[in-house]
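Novice:
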Amino acid sequence: MVLFTGEVRLPLLEGVQGVAFVDVGDAWLRGGSVRLNAGAGVGLRFFSPFGAIRLDIAAGREKVFTYVTLGQSF
242 MVLFTGEVRL
252 PLLEGVQGVA
262 FVDVGDAWLR
272 GGSVRLNAGA
282 GVGLRFFSPF
292 GAIRLDIAAG
302 REKVFTYVTL
312 GQSF
């Protein structure tokens with residue numbers, strides 16, 4: 242398995258950040274070929290007393306996904 246991740250965070254307002262991110266990676270069986278897949282997206286981070294709230298929109302090759310999660314990924 243191989244995975245490359247990059248993220249840029251920019252302050253927008255007090256307690257709010259904008260983010261842009263890209264992920265590239267693949268998983269394969271031993272002896273198989275590597276075909277890298279990529280996805281990219283944008284999001285907002287809201288910082289509350291109980292932790293970060295993340296709202297992200299990400300696009301891969303064929304689909305667009307919306308995610309709402311709690312906490313930072315890294």
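In terms of the numbering used here, the sequence shown opens at residue 242 and continues consecutively.
Backbone N, C-alpha and C define an ideal beta-carbon position, used for all residues, glycine too.
These numbers come from a predicted model, not from an experiment.
What is the DSSP secondary structure of Gln313, reduced to helix, strand or coil?
Specialist: Looking up residue 313 in the sequence shown gives position 72. Three-state DSSP puts Gln313 in coil, outside helix and strand.
Novice: For Pro290, name the three-state secondary structure that DSSP assigns.
Specialist: In the sequence shown, residue 290 corresponds to position 49, counting from 1. It is coil, neither helix nor strand.
Novice: Let me know if Arg286 comes out buried or exposed under the rule of 16 or more other beta-carbons within 10 Å of its beta-carbon.
Specialist: Residue mapping note: residue 286 aligns to position 45 of the sequence shown, counting from 1. Only buried fits Arg286, as 16 or more other CB atoms lie within 10 angstroms of its CB.
Novice: Please state the DSSP three-state secondary structure of Arg276.
Specialist: The count along the sequence shown starts at 1 and reaches residue 276 at position 35. Three-state DSSP puts Arg276 in coil, outside helix and strand.
Novice: So, at 8 Å on beta carbons, what are the nonlocal neighbours of Val257 in its own chain, with the 5 sequence-adjacent residues on each side left out?
Specialist: Within the sequence shown, residue 257 is the residue found at index 16, counting from 1. For Val257, where only same-chain residues beyond five positions count, the Cβ hits under 8 Å are Leu285, Arg286, Phe287, Phe288.
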